[in-house]
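A.B. asks: Counting along the sequence shown from 1, when you hit position 34 you're at 85 in this note's numbering, and nothing is skipped either side.
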Amino acid sequence: MDKKVLLISVPAPAVTQTQTEVDYWNWHYALKSKLTYPNLSKEQLLYFGNTENQNIGLLSIASALRENNIAVEYLAPSVDLMGDKRDWEFLDKVLAKVESFEPDFVGLSSPTCSIPTAIHYAQLIKSVRPKSTTVIGGAHANGCEGKLLDELADDFDYIIRGKGESPFVNLVLNSSNMMGICYKDNGIMYESPICMAGIPNYPRPANDLLNIKYLPAARVFTSLGCGGKCIFCVDINTKNFSEITEDSIIAEIKYFYHNLGTRYFYLGDENFFFNKNRAFRLLERINSLELDIILGFQARVESTDENIIKNIARFHNCTEIQYGVESASQTILNTAKKGLRIEKVREICELTKRYGINTQCYFLAGLPGETRQTAELTIGMIEDLLEEGIIDMAEYRCVIPFPGSEMWNNKEKYGIKIKNTNWTQYRGENHPPYDLSTLFSEEIYEYYLEGLRKITDIYAKRYMRDFGEQKLDINVLSAITEGGF
Ligand code: B12
Ligand code: SF4
52 MDKKVLLISV PAPAVTQTQT EVDYWNWHYA LKSKLTYPNL SKEQLLYFGN
102 TENQNIGLLS IASALRENNI AVEYLAPSVD LMGDKRDWEF LDKVLAKVES
152 FEPDFVGLSS PTCSIPTAIH YAQLIKSVRP KSTTVIGGAH ANGCEGKLLD
202 ELADDFDYII RGKGESPFVN LVLNSSNMMG ICYKDNGIMY ESPICMAGIP
252 NYPRPANDLL NIKYLPAARV FTSLGCGGKC IFCVDINTKN FSEITEDSII
302 AEIKYFYHNL GTRYFYLGDE NFFFNKNRAF RLLERINSLE LDIILGFQAR
352 VESTDENIIK NIARFHNCTE IQYGVESASQ TILNTAKKGL RIEKVREICE
402 LTKRYGINTQ CYFLAGLPGE TRQTAELTIG MIEDLLEEGI IDMAEYRCVI
452 PFPGSEMWNN KEKYGIKIKN TNWTQYRGEN HPPYDLSTLF SEEIYEYYLE
502 GLRKITDIYA KRYMRDFGEQ KLDINVLSAI TEGGF
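Quick look at the structure:
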């Protein structure tokens, strides 16, 4: 009999934001709606939260399963399930689907903060359909080993670590190839190495499974990995930079444009300029499609230069480049293995602005070695760059030592004392679940809030100056906050 697989993207638990965070995100997205997504109407912006429906990892697995004639269904949150009701209404949907589809396997994709929810889902799925086999994968599972892996195996039948396409197919087809698949039997843990099967195995995500009709903004990867070594990173692809075929990227863009009304594409590669010639070729091809779309990119400061920016600027439809900066302290950057000279940040952002492209930079509070002085230095740098108009937007969060990161694996070396493994707390907007030898959790959190307050003040002044005292539409802003890039 043919096997059936249900794939579920487990939502992040709802958080109650402080007023500081509410204000910050409102002004952040008010600005972004003008600078980065100027082509999207109010109606389109209201559907922004649908980006959460796009779990590219699961959609790739779905594609691989289908190639092997395995029936697949896919469920992920969307804008019709926003706010407080989201958690339980999505769960209702999941359980109804389990009853109607009767899957043999249920695959759950979860970051660390959603693991308690994923466990709850797995238990309820088993109570509705005891015959189904539960499989957990994604960012948290990828980073688990030893005791954490053992604990995970108590709640799920199988754990798949690394790229999930081949292992999931092998599991469903009952293959003897157990690469990437871990499980516990009679109290004994069977652990297989993390699967890193490369790009030839990366099928185009099965985007037709997205259970939404409208996706005004979409993320498209053109490559995976970045060649970097940041100690806080848990991206499994980092060490193996790989490129997705150009034809499949073009097909994906056309699919989103024509079928889901996408008008903003975020080429979310960790480092879009890793292979410059390819990046330019790709942009030429996207441009020659002559679609009324806008593009945004993410890149590494150290891989960017004037020639690249000049080339990007030739395409009238690029509104934003995002750069990861993390800290203003060179010592902290060096400890974090960021591979970034701090003076390059100003230089590259200035160049980007000179060519008419908006800039957004990412910063972190609480990296190893953070002190009062370095936290203040970073906040001061953010303020200066924003006030001078060198960067347009800044995101500032607390760093989290996720399982699997170098920070997690070497806590003592980096002066990190984990306070708890209450996984729901493992996200950058919460009180950090750790103390540093140089700063307590509460102090890091206070700097995070102080940074947000300062950014918000500058945002508000800039918005008033450039766009006047327009009334902000709170519905639109909270919709973008759900899914903005
Ligand atoms: C795109 C993205 C998003 C998107 C889409 C998320 C989604 N559900 O897919 C949005 C913007 C919505 C998002 C939101 C969040 N994200 Co996010 N996101 C990413 C990002 C940049 C890329 C992920 C991706 O698509 N990669 C490409 C695909 C092909 O690879 P993949 O996801 O790793 O999937 C492969 C394997 O992991 C595995 N796999 C994945 N799922 C499953 C499931 C099963 C059953 C199996 C077998 C295998 C498997 O197989 C896949 C195919 O090979 C990563 C950073 C990164 N570069 O990895 C962060 C990242 C995954 N996000 C992260 C976080 C923390 C969040 C949020 C909690 C942020 C927040 N504070 O609210 C939310 C949680 C939302 C959620 N419930 O997933 C962390 C997770 C770390 C962790 N251990 O928890 C990451 C690693 C970034 C980071 N370092 O902080 N995110
Ligand atoms: S720049 Fe650093 S954090 Fe970003 S993907 Fe590369 S190694 Fe990971």
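Cβ atoms here follow ideal geometry from the backbone N, Cα and C, with glycine treated the same way.
State the Cα-Cα distance for the pair V61 and E196, rounded to the nearest angstrom.
C.D. replies: Against the sequence shown, residue 61 aligns to sequence position 10. Against the sequence shown, residue 196 aligns to sequence position 145. In a straight line, the C-alpha of V61 is about 21 Å away from that of E196.
A.B. asks: Quick one: residues with CB closer than 5 Å to any heavy atom of ligand 2, in chain order, please.
C.D. replies: C277, G279, C281, C284, D286, T289, E321
A.B. asks: Does the beta-carbon of F296 have 16 or more other beta-carbons within 10 angstroms, so that it is buried, or is it exposed?
C.D. replies: If you number the sequence shown from 1, residue 296 lands on position 245. It is worth fixing the name first, because residue 296 is Thr in this sequence and not Phe. Exposed, by the Cβ-count rule.
A.B. asks: Hey, Y88 and A268: beta-carbon distance below 8 Å or not?
C.D. replies: For this step, residue 88 is matched to residue 37 along the sequence shown. For this step, residue 268 is matched to residue 217 along the sequence shown. Going by C-beta atoms, Y88 is nearer than 8 Å to A268.
A.B. asks: DSSP three-state call for I359: helix, strand or coil?
C.D. replies: Stepping through the sequence shown from its first residue, residue 359 is reached at position 308. I359 falls in the helix class under three-state DSSP.
A.B. asks: Would you list the residues sitting across from C449 in a DSSP beta bridge?
C.D. replies: Here residue 449 corresponds to residue number 398 of the sequence shown, with the count starting at 1. In DSSP, C449 forms a bridge with A416.
A.B. asks: Give me, in chain order, the residues of the same chain whose beta-carbon lies closer than 7 Å to that of S243; leave out the 5 immediate sequence neighbours on both sides.
C.D. replies: One-based indexing of the sequence shown puts residue 243 at position 192. For S243, same chain residues with a beta-carbon under 7 Å away, outside a window of 5 residues either side, are M229, M230, G231, I232, C233 in chain order.
A.B. asks: According to DSSP, what are the bridge partners of Y234?
C.D. replies: If you number the sequence shown from 1, residue 234 lands on position 183. Bridge partners of Y234: Y241.
A.B. asks: Whole angstroms are fine: how far does the CA of S378 sit from the CA of S183?
C.D. replies: Taking the sequence shown and counting its residues from 1, the one referred to as residue 183 is at position 132. Taking the sequence shown and counting its residues from 1, the one referred to as residue 378 is at position 327. Straight-line Cα distance between these residues: approximately 46 Å.
A.B. asks: Where do the N-terminal and C-terminal ends of the alpha helix (DSSP H) with E94 fall, by residue?
C.D. replies: In the sequence shown, counting from the first residue as 1, residue 94 sits at position 43. Element bounds for E94: 93-96.
A.B. asks: Would you decide whether P251 is buried or exposed? Buried here means 16 or more other CB atoms lie within 10 Å of its CB.
C.D. replies: The residue labelled residue 251 in the question sits at position 200 within the sequence shown. Confidence in P251 is poor, its pLDDT being 49 and thus under 50, which makes the residue's placement unreliable; the coordinate value appears in the next sentence. Exposed is the call here.
A.B. asks: Under a three-way DSSP split, which group does Y317 fall into?
C.D. replies: Indexing the sequence shown from 1 puts residue 317 at position 266. Strand, per DSSP.
A.B. asks: Starting from the Cα of R332, find the closest Cα among Q476, G276, R365 and give me that residue.
C.D. replies: Within the sequence shown, residue 332 is the residue found at index 281, counting from 1. Per the Cα distances, R365.
A.B. asks: Report yes if the CB atom of Y265 is closer than 8 Å to the CB atom of Y98, and no otherwise.
C.D. replies: Within the sequence shown, numbered from 1, the residue matching residue 265 stands at position 214. Within the sequence shown, numbered from 1, the residue matching residue 98 stands at position 47. The answer is yes: Cβ separation under 8 Å.
A.B. asks: What residue from W76, A115, C164, E72 has the CA that sits closest to P64's CA?
C.D. replies: For the purposes of this step, residue 64 is taken as the residue at position 13 of the sequence shown. Of the listed residues, the one whose Cα sits closest to P64 is C164.
A.B. asks: For a minimum of 3 consecutive residues, which ranges assigned as the beta strand (DSSP E) are wholly contained in the stretch 299-355?
C.D. replies: 315-318, 345-350
A.B. asks: Let's see if you can read the secondary structure: which residues bound the alpha helix (DSSP H) around S160?
C.D. replies: One-based indexing of the sequence shown puts residue 160 at position 109. From DSSP, S160 is part of no alpha helix (DSSP H) but of the beta strand (DSSP E) over 156-160.
A.B. asks: For P181, is the classification buried or exposed, using 16 other Cβ atoms within 10 angstroms of its Cβ as the cut-off for buried?
C.D. replies: The residue given as residue 181 occupies position 130 in the sequence shown. It is exposed - the Cβ of P181 has fewer than 16 other Cβ atoms within 10 Å.
A.B. asks: Does the distance from the CB of V186 to the CB of Y209 come in under 8 Å?
C.D. replies: Here residue 186 refers to the residue found at position 135 when the sequence shown is read from its first residue. Here residue 209 refers to the residue found at position 158 when the sequence shown is read from its first residue. Going by C-beta atoms, V186 is nearer than 8 Å to Y209.
A.B. asks: Check whether the stretch 71-86 and the stretch 515-533 are in contact - that is, three or more C-beta pairs closer than 8 Å.
C.D. replies: yes
A.B. asks: Residues bridged to A268 by DSSP?
C.D. replies: By 1-based counting over the sequence shown, the position of residue 268 is 217. A268 pairs with Y315.
A.B. asks: Ordered along the chain, which non-local residues of its own chain (more than five positions away) have a Cβ less than 6 Å from that of Q476?
C.D. replies: Taking the sequence shown and counting its residues from 1, the one referred to as residue 476 is at position 425. Taken in chain order, the residues that qualify are P484.
A.B. asks: Regarding F272 and ligand 1, is the C-beta to nearest heavy atom distance less than 7 Å?
C.D. replies: Within the sequence shown, residue 272 is the residue found at index 221, counting from 1. The answer is yes for F272.
A.B. asks: Which word fits F561, buried or exposed, when buried means at least 16 other C-beta atoms lie within 10 angstroms of its C-beta?
C.D. replies: The chain is shown from 52 up to 536; residue 561 falls before or after that span and cannot be answered.
A.B. asks: By Cβ distance, which residues of its chain are closer than 6 Å to E294, with the 5 residues on each side in sequence left out?
C.D. replies: Residue numbering aside, residue 294 sits at position 243 when the sequence shown is read from its first letter. Contacts found: S274.
A.B. asks: Residues bridged to V56 by DSSP?
C.D. replies: Mapped onto the sequence shown, residue 56 falls at position 5. Paired residues: V123, F156.
A.B. asks: Out of K389, L200, T507, state which residue places its alpha-carbon closest to the alpha-carbon of E434.
C.D. replies: Residue numbering aside, residue 434 sits at position 383 when the sequence shown is read from its first letter. The shortest Cα separation from E434 among K389, L200, T507 belongs to T507.
A.B. asks: Got a sec? Which residues, its chain only, sit under 6 Å from E321 by beta carbon, not counting five neighbours each side?
C.D. replies: Here residue 321 refers to the residue found at position 270 of the sequence shown. If we look at E321 and ignore the five residues flanking it on each side, its Cβ neighbours are C277.
A.B. asks: Mind checking whether S299 and E216 have CB atoms under 8 Å apart?
C.D. replies: As a working note, residue 299 is residue 248 in the sequence shown. As a working note, residue 216 is residue 165 in the sequence shown. Taking 8 Å as the Cβ cut-off, S299 and E216 do not qualify as a contacting pair.
A.B. asks: Can you tell me which of L428, Y315, R392 puts its alpha carbon nearest to the alpha carbon of L91?
C.D. replies: Mapped onto the sequence shown, residue 91 falls at position 40. Ranking L428, Y315, R392 by Cα distance to L91 puts Y315 first.
A.B. asks: Which residues bound the beta strand (DSSP E) around K468?
C.D. replies: Here the question's residue 468 lines up with position 417 in the sequence shown. Where K468 is concerned, the enclosing beta strand (DSSP E) stretches over 467-469.
A.B. asks: Based on Cα-Cα distance, which residue from G375, T386, N101 lies nearest to R44?
C.D. replies: Lying outside 52 to 536, the shown extent of the chain, residue 44 is not represented and no answer is given.
A.B. asks: Quick one: is the Cβ of N106 within less than 7 Å of any heavy atom of ligand 1?
C.D. replies: Along the sequence shown, one-based indexing puts residue 106 at 55. For ligand 1, at least one heavy atom lies less than 7 Å from the Cβ of N106.
A.B. asks: Any heavy atom of ligand 1 closer than 7 Å to the CB of H191?
C.D. replies: Position 140 of the sequence shown, counted from the start, is the residue given in the question as residue 191. H191 Cβ: within cutoff of ligand 1.
A.B. asks: Are three or more beta carbon pairs between the stretch 378-393 and the stretch 415-425 nearer than 8 Å?
C.D. replies: yes
A.B. asks: Using the Cβ count rule (16 or more neighbours within 10 Å means buried), how would you classify S84?
C.D. replies: Translated into positions along the sequence shown, residue 84 becomes position 33. Buried is the call here.
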